[in-house]
Amino acid sequence: MTDPVTVHVPLGARAYDVRIGQGLLTRAGAEIAPLLARPRVAIVTDATVAGLHLAPLQQALREAGIASEALVLPAGEGTKSWPHLTACVEWLLEQQVERRDVVLALGGGVIGDLVGFAAAILRRGVRFVQLPTTLLSQVDSSVGGKTGINSPRGKNLIGAFHQPSLVLADIDVLDTLSPRDFLSGYGEVAKYGLLGDADFFAWLEAHAPDLRGDPALRQQAVARSVAMKAGIVTRDESEQGERALLNLGHTFGHALEAATGYSDRLLHGEGVAIGCALAFDLSARMGLCSQEAPSRVLAHLRAMGMPARLSEIAGDLPDDAGLFALMGQDKKVVDGQLRFVLARGIGEAFVSDAVEGGVLASVLRDAR
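Quick note: the sequence shown uses numbering that gives the first Met the number 0, first residue 0, plus one each step.
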């Protein structure tokens, strides 16, 4: 068994550690105990995760002398909504959670985002710990303090910045993911190499097919992704500049998720993968990068068995005007101007609002 790796997120009074390794869930009590003012926590999870990981977590807490109560919400993107946020906040109040207490978010990105937002607004801010159970949440959504829920008008449009007090990324729990869910998370891993680390992307081209079966490689990929995100978040916590690079592929991906009703037709990481392929295609057509770059992106996604084209999304999609309208709800829109994360090459992403509608339309048309 590999020793855990710690990535520190140095945000002054809001600083915290991200612990990455095997068996962290079964040691969660000992890891969390130093944070507690009194030996009790409230856990929020979803039905799928509860069936797999809630009992071992509560056992680990008991072994450390920590009492716990749990709220189990429905699984799925639809849980990131006003009704479930209300249910979560009211349950936490019913549990008499105080400002000095700690709430545990046990689950993937949906639970992490929802519980983090609930913690942000409960009593004007209580502490919470992220226990991410998916590859996607371990490398991306659990780190950086972005919390929130979806609106019918778009994804993550309602929320707050609220940093966790600790993140425990147990790479062993990834063994319980379906192949599709694991690959969905991999879309975010590949994104980090594409946006700012060409060497990491080359490493992924060589090693990513073995991540699922090799804990050491898996830990290395998660730790490198987290370290990249931690660095960016430290320099730009509230997304005034550089942090927008983390949205490579997301302007397209979020629009496609909205177009498919946040359903199993398209998982988040699949949307990001398709979005990255489209962003590199768009960059090449604008003369920003060589054609080799989008070809490498496409080849790698294909090698991993991931979707890379609009034509690979089941069912009908809106026409170009409909997709443009959904992209217009993107959080990177400034003064009504749509901004894209583009690339000058692998590992060289930047933000631009100089995208011509005709070029964008041709990219979408060919991807269909």
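The beta-carbon is built from N, C-alpha and C at its ideal position, and this holds for glycine as well. Please read these numbers as outputs of a predicted model, since none were measured by experiment.
Item                                                                                                                                      : Value
I need the DSSP call for Ile372, collapsed to helix, strand or coil.                                                                      : The requested residue 372 does not occur in the structure, where the chain is confined to residues 0 to 367.
Tell me, please, whether the stretch 144–156 touches the stretch 254–269 by the rule of three or more beta-carbon pairs shorter than 8 Å. : yes
Please tell me whether Leu130 and Asp169 are closer than 9 Å, where the distance is taken between their beta carbons.                     : yes
If distances are taken between C-alpha atoms only, which option among Leu84, Ala118, Gly344 and Pro3 comes closest to Arg98?              : Ala118
Under the rule that 16 or more other beta-carbon atoms within 10 Å means buried, what is Met303, buried or exposed?                       : buried
How would you write the range of the beta strand (DSSP E) that Thr250 sits in, first residue to last?                                     : Careful: Thr250 lies outside any beta strand (DSSP E), inside the alpha helix (DSSP H) at His249 to Ala258.
Counting beta carbon pairs with one atom in the stretch 73–82 and one in the stretch 11–19, are three or more of them shorter than 8 Å?   : no
Where do the ends of the alpha helix (DSSP H) carrying Asp16 lie?                                                                         : No alpha helix (DSSP H) contains Asp16, which is instead part of the beta strand (DSSP E) from Tyr15 to Gly20.
Could you give the first and the last residue of the continuous alpha helix (DSSP H) run that contains Pro214?                            : Pro214 to Arg234
Taking only the alpha-carbon atoms, compute the straight-line gap between Leu297 and Asp198 and give it to the nearest angstrom.          : 17 Å
From Glu187 to Val96, what does the alpha carbon distance come to, in whole angstroms?                                                    : 33 Å
Apply the 10 Å Cβ neighbour rule to Met305 and answer buried if 16 or more other Cβ atoms are within range, or exposed otherwise.         : buried
Within 10 angstroms of the Cβ of Pro33, are there 16 or more other Cβ atoms? Answer buried if so, exposed if not.                         : exposed
Is it right to say Pro3 is buried, meaning 16 or more other beta carbons lie within 10 angstroms of its own, or is it exposed?            : buried
What would DSSP say about Ser351, mapped onto helix, strand or coil?                                                                      : strand
Mind checking which residues open and close the alpha helix (DSSP H) that includes Arg126?                                                : Counting along the chain, Arg126 falls outside any alpha helix (DSSP H), though it belongs to the beta strand (DSSP E) covering Arg126 to Pro131.
Which residue comes first and which comes last in the alpha helix (DSSP H) that contains Leu265?                                          : Careful: Leu265 lies outside any alpha helix (DSSP H) and carries neither H nor E.
Which residue wins for smallest C-alpha separation from Gly270, given the options Leu309, Val172, Trp90 and Leu113?                       : Leu309
Who are the Cβ neighbours of Leu341 in its own chain at under 8 Å, not counting the five residues just before and after it?               : Ala278, Leu281, Ser282, Met285, Leu287, Ala348, Phe349, Val350, Ser351 and Val354
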